[in-house]
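Colleague: Sharing a structure here in structure tokens format.
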Amino acid sequence: MQRPSLKHLAAALALCLPLLAFGAERQVVDIAVKGMTCPFCAYGLEKNLGKASEVEQASASLKGQNVRIVLKPGAQADLGRYKQLIHDAGFTPGEVTVSKEEAK
Amino acid sequence: MNVPPRNILALAVLCAWAGTANAAPLTFNTALPISKDEWILREQFVYMKSTDDPSPMNRRMEVSGLMSVLGYGVTRDFAVFAVLPYADKRLSMNVGGADATRSQAGFGDAMFMGRYTAYEVNATGHTFRIAPFLGVKAPTGDDHASDRLGRLPPMLQPGSGSWDWQGGAVASFQSLDWGWDVQLAHQRNGEANSFRAGAVSRLDLSVQRRLWPGTLGEGVPSFLYGGLEANLIHVAKDRVDGADDPNSGGTTLFLTPTVQYVTRKWVLEAGIQIPVSQQLNGSALRNDYILTTGFRLNF
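Protein chains in written order, with this note's numbering: chain A, 698 to 801; chain B, 21 to 319.
Structure follows, in structure tokens:
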């Protein structure tokens, strides 16, 4: 019987990666943002939060007056850093809520 | 020859950096923030027409200009701006019963500006800020341009040849539904080629209202704003060879309806400045209107 080559092992691992990620948890941070009043400035805020390497996605909500930060699976939230980045974007951070969700 | 058109164009140049952030005035500055490390590019096309000539020369002045503005947030409170204008200026008049036209196109004087947010109050759904600013216009444009008739007058030169300073302060309030801005500014011009353009003092007001969407949805929807701006501009008399030019300077009140479509990454905007009152000195040429349209990109 032919032994599996390294190439075959790598291909099998690549196929399994999505299965390994499925079911992993990731942190979601919601931070209230004061002073955010229009779409153009919301983009600056999202871009600034993207500077944190563990942030997978930052989505502002004008109606909710907050920003939702979704972290990469397994990453730990750095709340002080996010507040500083919101401050650097020209706004004032408010109440923070941290929750967990399953990575899709 | 009077110079108000030159001053009006200079005002357009000096205020082209205005409102690079958010929904903001079209014709002057804003105190609203530019994020730290954020770049903003603004391109403004300006068309100005002045044909109301109280003298028998029947002068007509047209200026088409493109203002390129680059803004950068150095810190959350301090932003810098660079402005490079390109203008095509055309002056027609009746000389000895025949029409004569002189024109010139080229890059004008570059301007550099700094703005510092000195006071701010951020609350849920609104912000209020006060920001002083200081700028300098460097004589980078050609101020010795000539045509077949000889050296062009200052109003047709792409550059002024002088170092000009502008300072002032702007206060801005903005909520999710509406906003207002008020600015007080002064511009002092240097002397070059035995000519000094009159100092400019101005008081500006702006009100913007979100027209669409009527009800906010989730996330970051695009906004359509309608606005009205008022610019009260006083220009002192020019100095030519050390003496006041009696046919220059005066006070103008512009009203400007504006419309802006604001998305997360770009803004489209347009407005028309209509001079509702022009108390100009001597035979100074009266302005008809100034049309401004352009876009902004956030990157």
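Glycine residues also receive a C-beta, built at the ideal position from the N, C-alpha and C atoms.
Please read these numbers as outputs of a predicted model, since none were measured by experiment.
#1: Give me the residue from B/S88, B/Q298, B/Y309 and B/T313 with the minimum Cα distance to B/P74.
#2: Could you work out which residues of chain A lie near B/E238, taking near to mean beta carbons separated by less than 8 Å?
#3: Distance cutoff 8 Å, beta carbons only. Does A/Y779 sit that close to anything in chain B?
#4: In whole angstroms, what is the alpha-carbon distance linking A/Y740 and B/F148?
#5: Answer with buried or exposed for B/S268, where buried requires no fewer than 16 other C-beta atoms within 10 angstroms of its C-beta.
#6: Give the single residue among A/G771, A/A800, A/V767 and A/K744 whose Cα lies nearest to the Cα of A/T794.
#7: Going along chain A in order, which residues have a C-beta closer than 8 Å to the C-beta of B/G145?
#8: Could you name the residues of the same chain whose beta carbon sits closer than 6 Å to that of B/T271, not counting the 5 residues immediately before and after it, in chain order?
#9: Got a sec: is the Cβ-Cβ distance from A/T789 to anything in chain B below 8 Å?
#10: Taking 7 Å as the limit between beta carbons, can you name the residues of its chain near A/K704, skipping five residues before and five after?
#11: With 16 as the cutoff for other CB atoms within 10 Å, does B/H206 come out buried or exposed?
#12: In the stretch 228 to 277 of chain B, which residue ranges form an unbroken beta strand (DSSP E) of at least 3 residues, counting only runs that do not cross its ends?
#13: Could you tell me the distance, in whole angstroms, from the CA atom of B/T313 to the CA atom of B/I292?
#14: Quick one: complete alpha helix (DSSP H) runs, 4+ long, within the stretch 707 to 790 of chain A?
#15: Can you find the residues in the same chain that come closer than 6 Å, C-beta to C-beta, to B/G126, ignoring five residues on each side of it along the sequence?
#16: For B/D119, collect the residues of the same chain with a Cβ closer than 7 Å to its Cβ; drop the 5 residues on either side in sequence, then sort them by chain order.
#17: Answer yes or no: do B/V296 and B/L273 have a C-beta to C-beta separation smaller than 8 Å?
#18: Give the residues from the stretch 172 to 206 of chain B that approach chain A closer than 8 Å (Cβ to any Cβ), ordered along the chain.
#19: Cβ closer than 8 Å: which chain A residues qualify as neighbours of B/S221?
#20: Kindly indicate the opening and closing residues of the beta strand (DSSP E) around B/S214.
#21: CB-CB under 7 Å to A/A786, same chain, minus the five flanking residues each way: which ones, in chain order?
#22: Indicate whether B/L204 and B/G188 have their beta-carbon atoms separated by less than 8 Å.
#23: Please state whether DSSP places B/M77 in a helix, a strand or coil.
#24: At which residue ranges does the stretch 157 to 221 of chain B contain complete beta strand (DSSP E) runs of 3 or more residues, listed in the order of the chain?
#25: Could you have a look at B/P24 and say whether DSSP puts it in helix, strand or coil?
#26: From the DSSP output, in three-state form, read off A/K797 for me.
#27: Which residues of chain B have a Cβ atom closer than 8 Å to the Cβ of A/K704, listed in chain order?
#28: Is there a Cβ from chain B that is less than 8 Å from the Cβ of A/R723?
#29: Taking 8 Å as the threshold (C-beta atoms), are A/K769 and A/R723 in contact?
#30: Once the 5 residues before and after A/N763 are set aside, which same chain residues still bring their CB inside 7 Å of it?
Modeller: Quick answer:
#1: Position 54 of the second sequence, counting from 1, holds the residue named residue 74 of chain B. The option with the nearest alpha carbon to B/P74 is B/Q298.
#2: Within the second sequence, numbered from 1, the residue matching residue 238 of chain B stands at position 218. Residues of chain A passing the Cβ test: S758, K760 and G761.
#3: Translated into the one-based positions of the first sequence, residue 779 of chain A becomes position 82. Output row for A/Y779: interface = no.
#4: Taking the first residue of the first sequence as position 1, residue 740 of chain A is located at position 43. Taking the first residue of the second sequence as position 1, residue 148 of chain B is located at position 128. Near 19 Å, if we compare the C-alpha coordinates of B/F148 and A/Y740.
#5: Locating residue 268 of chain B in the second sequence gives position 248, where the first residue counts as 1. Answer is buried; the Cβ neighbour count reaches 16.
#6: Within the first sequence, the letter at position 97 stands for residue 794 of chain A. When only C-alpha atoms are compared, the closest one is A/V767.
#7: By one-based count along the second sequence, residue 145 of chain B stands at place 125. Going along chain A in sequence order, the residues near B/G145 (Cβ under 8 Å) are T734 and Q762.
#8: Here the question's residue 271 of chain B lines up with position 251 in the second sequence. H254 and Q299, listed in sequence order.
#9: Position 92 of the first sequence, counted from the start, is the residue given in the question as residue 789 of chain A. At least one chain B Cβ lies under 8 Å of A/T789.
#10: One-based indexing of the first sequence puts residue 704 of chain A at position 7. Here the set comprises nothing.
#11: Taking the first residue of the second sequence as 1, we reach residue 206 of chain B at position 186. Per the 10 Å Cβ criterion, exposed.
#12: 243 to 255
#13: For the purposes of this step, residue 313 of chain B is taken as residue 293 along the second sequence, with counting starting at 1. For the purposes of this step, residue 292 of chain B is taken as residue 272 along the second sequence, with counting starting at 1. C-alpha separation (whole angstroms): 9 Å.
#14: 736 to 746 and 776 to 785
#15: What you label residue 126 of chain B is simply residue 106 of the second sequence in a count that begins at 1. Excluding residues within five positions, the ones whose Cβ falls inside 6 Å are D162 and P178.
#16: Here residue 119 of chain B refers to the residue found at position 99 of the second sequence. So the qualifying residues of the chain are S112.
#17: The residue you call residue 296 of chain B lines up with position 276 of the second sequence. The residue you call residue 273 of chain B lines up with position 253 of the second sequence. Result yes, Cβ atoms of B/V296 and B/L273 sit closer than 8 Å.
#18: Q194, S195, L196 and G199
#19: Counting from 1 along the second sequence, the entry for residue 221 of chain B is found at position 201. What B/S221 touches in chain A: nothing, since even the nearest Cβ is about 29 Å away.
#20: Your numbering for residue 214 of chain B matches position 194 in the second sequence. Careful: B/S214 lies outside any beta strand (DSSP E) and carries neither H nor E.
#21: As a first step, residue 786 of chain A is located in the first sequence; it is residue number 89 there, counting from the start. The residues are G741, L742 and N745.
#22: Your numbering for residue 204 of chain B matches position 184 in the second sequence. Your numbering for residue 188 of chain B matches position 168 in the second sequence. Yes, Cβ-Cβ distance for B/L204 and B/G188 is below 8 Å.
#23: Residue mapping note: residue 77 of chain B aligns to position 57 of the second sequence, counting from 1. Coil, per DSSP.
#24: 184 to 195 and 198 to 208
#25: The residue given as residue 24 of chain B occupies position 4 in the second sequence. Confidence at B/P24 is low in this model, with a pLDDT of 45, below 50, so its placement is unreliable and the value that follows should be read with caution. In the structure shown, B/P24 sits in a helix (DSSP, three-state: H, G or I).
#26: On the first sequence, position 100 is the one that residue 797 of chain A refers to. A/K797 falls in the strand class under three-state DSSP.
#27: Taking the first residue of the first sequence as 1, we reach residue 704 of chain A at position 7. Simply none; closest approach about 41 Å.
#28: Your numbering for residue 723 of chain A matches position 26 in the first sequence. Taking Cβ atoms only, chain B never reaches closer than 8 Å to A/R723, which makes this a no.
#29: The residue you call residue 723 of chain A lines up with position 26 of the first sequence. The residue you call residue 769 of chain A lines up with position 72 of the first sequence. Yes, Cβ-Cβ distance for A/R723 and A/K769 is below 8 Å.
#30: Residue 763 of chain A sits at position 66 when you count from the first residue of the first sequence. Once the five neighbours on either side are set aside, the close Cβ partners of A/N763 are D727, I728, A729 and V730.
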